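Undergrad:
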Amino acid sequence: MVDATPVKLPDWVADFPSALDDKMGFELLELTPERVVGRCPVDGNTQPIGLWHGGASCVMAETLASLGAVAHALPDRFAVGVDINATHHRAVRSGHVTGVATALKLGRTTAMYEIVLSDDHGNRVCTARLTCQLVPNPTR
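All residue numbers for the sequence shown refer to our numbering, where the first residue is 149 and numbers rise by one.
Laid out in structure tokens, this is it:
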């Protein structure tokens, strides 16, 4: 289980709002280049039969890993996802899904993360991997 107590996040996080993350109810709990933690409610993010949507897992995985990659890349570079894969392990019907993105590589031109999503009982829901390309920062 992951402690869901919010911590002080870097100021730059507020400069990168995401309408999709807002609609999903995404909550960022921890952010360093090496590790990113966040969670989403299952309610509102389900497929027609009431289960957590696999696409929500992919959005959450990309959000977590991309934030870590941006934390690594700033101020001169920015991160864009170029490859994602996900394996869905089990269904979730209620509560929250918590994700932990762990850096596998933090390089000059790429950053790679493994993302593990779990339910409120610590059961693994999805395992994903994201590769980000680090590009020149468009705001500089």
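Heads up, the beta-carbon is just placed ideally off N, CA and C, and yes, glycines get one too. Here the structure is a predicted model, which means the values were calculated and not measured.
Can you check whether the CB of VAL218 is closer than 8 Å to the CB of MET172?
TA: Not a contact, by the Cβ cut-off of 8 Å.
Undergrad: Given this structure, state the Cα-to-Cα distance separating ALA227 from LEU282, to the nearest angstrom.
TA: Approximately 5 Å between the Cα atoms of the pair.
Undergrad: Tell me whether the beta-carbon of GLY216 lies closer than 8 Å to the beta-carbon of ALA249.
TA: In contact: GLY216 and ALA249 (Cβ atoms closer than 8 Å).
Undergrad: Around the C-beta of TRP200, are 16 or more other C-beta atoms found within 10 angstroms, so that it is buried, or is it exposed?
TA: Classification of TRP200: buried, given that the 10 Å Cβ count is 16 or more.
Undergrad: How many angstroms separate the CA atom of ARG238 from the CA atom of ARG272?
TA: In a straight line, the C-alpha of ARG238 is about 7 Å away from that of ARG272.
Undergrad: Taking only the alpha-carbon atoms, compute the straight-line gap between ILE189 and GLY255 and give it to the nearest angstrom.
TA: Here residue 189 turns out to be Pro, not Ile, going by the sequence shown. Using only the alpha carbons, I get a separation of about 33 Å.
Undergrad: To the nearest angstrom, how far is it from the Cα of VAL245 to the Cα of ASP267?
TA: About 5 Å.
Undergrad: What residues in its chain sit with their C-beta under 7 Å from that of GLY198, if we drop five residues either side in the sequence?
TA: Once the five neighbours on either side are set aside, the close Cβ partners of GLY198 are ARG241.
Undergrad: What number of angstroms, rounded off, separates the C-alpha of ARG277 from the C-alpha of PRO196?
TA: Cα-Cα distance, rounded: 26 Å.
Undergrad: Looking at C-alpha atoms only, which residue of GLY247, GLY202, ALA213 and ARG288 is the closest neighbour of GLU182?
TA: Closest option to GLU182, Cα to Cα, is ALA213.
Undergrad: Excluding the 5 residues preceding and the 5 following VAL184 in the sequence, name in chain order all residues of the same chain whose CB lies nearer than 6 Å to its CB.
TA: Same-chain partners within the cutoff: LEU212, LEU215, GLY216 and ALA249.
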